Structure formats: structure tokens, C-alpha cells
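What follows is one structure encoded as C-alpha cells, with my remarks underneath.
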Amino acid sequence: MGLSAGIEATRACNFRCVHCFVDAGLRPRGELDTREMRRLISGLVEAGADTLGWSGGEPLLRRDLDLLTAHATGLGAQVGVPTNGYFATLARLKSLQRAGLSSIQVSLDGPDRPRAERFRRGPDDAFERALRALRDAADLGLAVTVCTLLSPEAAGEIEEMLALAQTLGATTLRYTPWSPFGRARGNGYDERPWASAKMRRFLEVAESRRARGPVQVLLDCPIGAVPAHPRFRCAAGRSVLYVCATGEVYPCTALMSPEHLVGNVRERPLGDLLRDPRMFRIQRQLLREAPAGRCGSCPVVADCNGGCPGRTLAATGSTRGESPACLFRLHPPAGRRGRRRRIG
């Protein structure tokens with residue numbers, strides 16, 4: 013299995029979304045410059061990364077993103093970018109495509125403007141620009157994903173979102189959870205609403221379209237059981253890695269606490285950080301610790317291993333605490349079927 017690395021292109025963003033997992037906004041001082049980013053990308057590919065995903069902030073605010081993407085694809089890596097769509101003009105999309113970009117993910121949190129702006133805080137024409145970006149990207153032949161925040165309200169809108177995604181030319185509708193990190197952590201994060209009839213219906217529709225139809229549903233399971241494949245074990249630090257725009261290296265976006273900081277690429281070569289005892293300690297901890305509470309005695313624990321350690325840590329203070337709101341526990345009929353298939 014190759015290494016999948018996320019690189020925060022910039023922490024800057026023109027939106028102030030309430031569910032942002034990194035509290036993006038103004039550009040911080042000291043972000044990696046072009047030369048440093050090129051060195052980082054080369055180091056990641058040398059370490060075995062075959063997939064690089066830009067992250068943010070809003071990645072398209074980085075002026076050299078096209079150049080850096082070309083550097084990565086020139087080394088053989090597949091590169092994708094998530095965006096709010098505001099700066100994804102046709103000209104910029106064409107430039108990124110020439111650089112080798114293979115996929116784009118545009119955030120769209122509802123089927124119309126009022127519902128799309130429930131959690132997003134951006135310019136007045138943000139919804140229209142996102143729609144245009146999705147259409148243009150699809151027309152160019154890029155692999156297009158619509159990314160939607162999974163809320164109790166959005167759970168009841170899945171049929172509308174599927175229809176809209178198909179109209180826009182997207183091939184995937186991805187639902188991501190309200191992650192208890194960054195700005196989102198102070199904005200009413202609560203997983204209890206997932207125990208609802210809307211959620212049950214959502215899971216039924218999501219399962220029926222998980223691998224069929226013109227638009228497939230990809231579920232980043234929001235409520236505990238998140239196996240990417242049977243007998244899931246957290247891949248943080250082993251086949252998944254995240255590097256912040258200022259050079260900090262973490263095993264995953266869900267494990268960005270001080271105790272999980274491995275180091276900074278400005279201070280030590282990436283290869284040294286990947287071999288650092290702290291990285292091995294984190295890997296061993298995530299692989300060997302058994303889930304606690306009801307998760308430890310659950311009949312499907314061999315499949316999910318207690319779910320995402322980072323989310324559990326945020327909710328309970330321990331990576332091996334009881335998953336705060338387990339899919340199997342809340343919706344038993346869908347518990348085994350609700351797994352996310354590994355993509356890429």
C-alpha cells in the first residue's frame with residue numbers, strides 16, 4: 013500500500029465556515045515557500061507517496077499551486093484538490109489540468125443557496141461560483157466530487173443532492189462528518205442527532221448508491237464505525253500522513269494535538285521524521301490498544317476496531333475510549349453495510 017499524503021497548501025481562506033476543522037482564515041506567517049514545498053513533495057514521493065492531496069484553508073489562494081502540482085505529477089504522484097470553488101475559474105482549472113491535476117472536490121452543503129449557506133460563511137455569490145466550478149471541471153474531464161457536510165438537515169436532502177450532483181456532472185457525492193477540531197469544536201459539535209429517522213433513511217439511500225448509479229455516494233462515516241476495509245486498522249502515520257503549511261508533520265488530520273506532533277520539515281529532513289521514535293510510538297499505540305467500553309465487547313469490533321481514534325480522542329480524551337456515537341449501535345440494520353470503501 014502506497015503512502016497517501018495530505019499537504020496543507022495554505023491556512024488562508026476567504027470563507028469563515030463554522031465547521032472548519034483547522035480554523036482557517038488569515039494567512040499565518042512562515043508558510044512554506046515554493047522551494048520548501050518542492051523539497052517536501054520530493055521527499056514524500058521518495059518515501060513512497062503515490063497520492064498527494066492538497067488541503068487548506070483554500071488551496072487555490074496559493075499562487076504557485078499549479079507549479080507545485082506539476083512538480084508532484086512529474087514525479088509520478090496523483091494529485092487532487094479540494095476547494096470552496098470561489099477561485100476555481102475556468103482558466104485556473106485549465107492551468108491545473110495542464111499541471112496534471114486528476115481530480116477536484118468542491119464543497120456544496122445543500123441543494124440550493126439558503127441551505128448551502130447554513131454553515132458556510134463566504135461571499136454572497138459563493139454558491140453560484142461553486143456550481144460553475146463543478147460544471148467547468150466536469151466539462152474539462154476532471155474527476156469531480158461534490159463534498160457535503162453531513163448534518164441532521166443534510167441527511168434528509170440526499171436525494172436532492174444526488175440529483176444536483178448528476179446535473180453538474182459529478183461522479184461522486186461525498187459526505188463528511190462535523191469533525192470536532194479547529195473552529196468546529198467551539199461551534200456546537202454534537203453527534204447525538206445522528207440517532208434519528210432521517211439518518212436511518214440517509215444510510216439506506218447511501219448504501220443503495222454506494223457503488224451503483226451515475227453518482228456514487230462516499231460516506232466518511234460520522235458516527236463511530238469507520239472501517240475503510242474489512243478488519244480496519246487506523247492507517248495514521250503508516251499509509252497516511254499530513255503536513256501543515258508551516259511544516260509540522262502529523263500522522264493524520266484527526267490527530268493534530270501536541271502529543272501527536274512528529275516534528276517540522278524545516279528543522280529535520282522528512283525521512284528522519286518518518287523514522288522518528290515518536291512516529292513509531294504513535295503507530296504502535298493505534299495498532300495495539302484495544303477499544304474500551306461497549307466497543308471492546310461489540311460483535312463487529314473486528315471490523316471497525318472502535319472507529320477513528322482521533323474523533324474518539326476529541327470526544328473522550330483517549331484514542332481508545334468508547335466511540336461517542338457508533339453507527340452499529342444506533343442503526344443496527346445498517347451497521348455492517350455503512351462502511352466506507354477504500355478509494356485510491
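Under the working numbering, the sequence shown has 133 at position 121, and the numbering climbs by one with no breaks. Every residue gets a Cβ at the ideal spot worked out from N, C-alpha and C, and that includes glycine. All of these numbers come straight from a predicted model, not from anything done at the bench.
At which residues does the beta strand (DSSP E) containing P226 begin and terminate?
P226 -> no beta strand (DSSP E), and no H or E assigned at all.
Under DSSP, the alpha helix (DSSP H) around C316 begins and ends at which residues?
It spans 313 to 316 - the alpha helix (DSSP H) in which C316 sits, taken as one unbroken run.
Under three-state DSSP, which class holds V57?
Three-state result, V57: helix.
Taking three-plus beta-carbon pairs below 8 Å as touching, is the region 116 to 123 in contact with the region 169 to 180?
Yes: the two stretches touch, three or more of their Cβ pairs being nearer than 8 Å.
Does the beta-carbon distance from A145 to T183 come in below 8 Å?
Result no, Cβ atoms of A145 and T183 do not sit closer than 8 Å.
Using the Cα positions of L282 and E169, report the straight-line distance between them to the nearest angstrom.
If I take the Cα positions, the gap works out to 43 Å.
Do A373 and L108 have their CB atoms nearer than 8 Å?
Residue 373 lies beyond the range of the chain shown here (13 to 356); nothing can be said about it.
Tell me the start and end of each unbroken alpha helix (DSSP H) in the region 263 to 315 that is at least 4 residues and wholly inside, in chain order.
Listed in chain order, they are 282 to 286, 289 to 300, 305 to 308.
Would a C-beta distance cut-off of 8 Å place R221 and E165 closer than the cut-off?
No, they are not a contact pair.
Could you tell me which uninterrupted alpha helix (DSSP H) segments, each at least 4 residues in length, are contained entirely in the region 30 to 96, listed from first to last along the chain?
For the region 30 to 96, whole alpha helix (DSSP H) runs of length 4 or above, ordered along the chain, are 46 to 58, 77 to 86.
Using three-state DSSP, classify P242 as helix, strand or coil.
Bear in mind that a pLDDT of 44 at P242, under 50, signals an unreliable position, so the model cannot answer this.
I need the boundaries of the alpha helix (DSSP H) containing L152, first residue and last residue.
Here the alpha helix (DSSP H) through L152 covers 138 to 152.
Could you check the C-alpha separation between L325 and R332 for me, to the nearest Å?
Between L325 and R332, the C-alpha separation is close to 7 Å.
I'd like the span of the alpha helix (DSSP H) that includes S357, first residue to last.
This structure cannot settle anything about residue 357, because the visible part of the chain is limited to 13 through 356.
Quick check on L161: does DSSP put it in helix, strand or coil?
Of the three classes helix, strand and coil, the one that applies to L161 here is strand, per DSSP.
Return the bridge partner residues of G18 from the DSSP annotation.
Its beta-bridge partners are G65, Y254.
To the nearest whole angstrom, what separates the beta carbons of V370 and W66, a pair I think is in contact under 8 Å?
Past the boundaries of the shown model lies residue 370; the chain is included only from 13 to 356, so the question cannot be answered.
Just verifying my parser: in three-state terms, what is the DSSP assignment at R132?
R132 falls in the coil class under three-state DSSP.
From this set, H272, N276, L72, E279, which residue's C-alpha is nearest I294's C-alpha?
Ranking the options by Cα distance to I294, first place goes to H272.
Using C-beta distances below 6 Å, list every residue in its chain close to V91, excluding the 5 sequence neighbours before and after it, in chain order.
The answer, listed in chain order, is L64, T81, A84, T85, L113.
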